[in-house]
Amino acid sequence: MSTDTPGIDPLEALRAPRDPACDVFLTGPVFLDIIFTGLDSAPVRGTESWARGMGSSPGGVANMATALARLGLHTSLAAAFGDDHYGEYCWDALEQGEGIDLSMSHTVPGWHSPVTVSMAYEGERTMVSHGHEAPAPAPVDGTGSRAGATGTGTSTGTTGNGTSTGAAAPVFPQCPPRARAAIASLAPGRSEPWVATAARDGALVFGDVGWDETGRWDLDALPDLAHCEAFLPNAEEAMRYTRTDCPRAAAHALAERVPLAVVTLGAEGAYAVDGRTGTAAAVPAIEVEALDPTGAGDVFVAGFVTGTLADWPLADRLAFAGLTAALSVQEFGGSLSAPGWAEIAAWWQLIRTCDRQDPAALERYAFLDDLLPATARAWPLRRAVPTIGFRQ
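Add 5 to a position in the sequence shown, counting from 1, and you land on the number used in the working numbering.
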């Protein structure tokens with residue numbers, strides 16, 4: 006990440022003295038992601054493949070936490086960390102490198118960090134993960150140190166690509182910090198008490214979801230959906246949950262269950278419906294050269310949360326979320342590919358100088374003028390790469 010990112014606070018005009026110190030709270034498993042890049046094709050069974058580059062970065066819920074922090078939101082993460090070198094690296098990268106509040110996280114003695122190996126090729130990736138469920142934490146020591154613990158109980162979580170995993174489940178706090186928003190990973194048959202607590206304390210809860218391995222696709226099996234301000238499935242998930250054959254119809258059906266239904270459409274963009282007002286918005290995707298889609302869905306959610314907390318119009322929120330996701334897939338790695346305001350400003354400056362731009366497309370992002378500095382660094386803007394990553 007560049008060190009001269011503009012200090013933009015998207016919520017500056019809305020902040021008041023009695024507001025919660027935390028903008029967004031989230032919890033989930035943190036993986037060490039090891040990324041192999043520069044592969045010409047998918048690995049072939051029985052052969053050895055050589056990658057021209059590799060690196061590592063925090064993954065899992067760290068993808069979304071990093072994306073939120075880089076957009077200027079005060080982010081608090083509750084997660085279990087191993088006491089191995091992987092865990093120390095992930096902790097330091099998130100707390101010192103990204104400024105994420107880890108006071109509700111804890112280190113588990115003798116527990117090794119979960120690991121995901123990701124192989125990026127042809128704009129796609131293949132992932133292999135390993136980990137064990139984190140044991141229940143020790144009692145809170147009151148110091149806020151890594152050895153401290155918050156809450157009890159464990160649960161399954163999701164990796165950064167939305168794939169369900171039974172390993173490395175986080176310890177969910179019973180009493181989350183008061184926050185403007187919280188992000189919950191919904192799963193069939195699972196209810197987390199902290200979600201209801203967060204909603205009761207005034208947080209807007211954004212529900213993310215993964216593939217339903219049970220095959221039931223029953224919205225009533227997602228009890229925490231009742232506490233959600235917004236639900237953000239992809240098109241296939243939305244259609245299966247609503248028994249519809251059209252993503253837009255699915256979004257309207259979901260808007261009868263939650264105030265905001267947001268359906269991501271991949272290369273076709275996103276569609277959203279405000280169930281309170283009946284307002285609908287559709288934004289096409291931005292065409293980019295995709296190098297690694299890892300974490301793009303998490304970045305999209307972070308962008309949408311940012312726009313919602315900033316009280317932007319629905320179409321602007323969708324456009325911003327799609328833009329941040331598009332910028333993220335142009336870099337390798339999950340959390341380290343998340344863009345900040347410097348990248349957004351550089352893109353906006355570049356795109357307005359390109360020939361033959363569709364005026365309507367430019368107008369879609371005109372709201373950025375009120376957010377970004379008048380001048381920005383030239384594109385392309387070099388971002389951080391995984392620890393020992395190469396792009397050749």
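The beta-carbon is built from N, C-alpha and C at its ideal position, and this holds for glycine as well.
Residue range of the alpha helix (DSSP H) that Asp28 falls in?
No alpha helix (DSSP H) holds Asp28; the beta strand (DSSP E) holding it covers Cys27 to Thr32.
Could you give the first and the last residue of the continuous alpha helix (DSSP H) run that contains Pro198?
Pro198 to Arg205
Would you report the Cα separation of Tyr91 and Pro119, rounded to the nearest angstrom?
9 Å
Under the assumption that Glu234 contacts Leu265 (Cβ atoms under 8 Å), give the Cβ distance between them as a whole number of angstroms.
6 Å
Can you tell me which of the three DSSP states Arg23 falls into?
coil
Would DSSP call Cys95 helix, strand or coil?
helix
Looking only at C-alpha atoms, which of Ser342, Cys359, Ala365 and Ala366 sits nearest to Asn68?
Ser342
Given a cut-off of 7 Å, decide if Val29 and Thr80 are closer than it, judged by their beta-carbon atoms.
yes
Under 7 Å between the Cβ atoms of Ser62 and Asp38?
yes
With a CB to CB cut of under 6 Å and the five nearest residues on each side skipped, what residues in its chain are close to Ile188?
Leu31 and Phe211
What number of angstroms, rounded off, separates the C-alpha of Gly165 from the C-alpha of Leu73?
Confidence in Gly165 is poor, its pLDDT being 39 and thus under 50, which makes the residue's placement too unreliable to answer from.
Quick check on DSSP: helix, strand or coil for Met59?
strand
Please report the straight-line C-alpha distance between Ala56 and Ser333, rounded to a whole angstrom.
21 Å
Using CA coordinates, which residue listed in Val214, Asp250 and Pro193 is at the minimum distance from Asp223?
Pro193
Alpha carbon to alpha carbon, what distance is there between Gly77 and Gly12?
8 Å
Rounded distance between the beta-carbons of Met59 and Phe41, thought under 8 Å:
5 Å
For Glu348, which residues does DSSP report across the bridge?
Answer by DSSP bridge pairing: none, since Glu348 is not bridged.
Buried or exposed, going by whether 16 or more other CB atoms sit within 10 Å of the CB of Leu19?
exposed
First through last residue of the beta strand (DSSP E) which encompasses Ala85:
Ala85 to Gly87
In three-state DSSP terms, what is Glu234?
strand
Hey, Val399 and Phe305: beta-carbon distance below 7 Å or not?
Residue 399 lies beyond the range of the chain shown here (6 to 397); nothing can be said about it.
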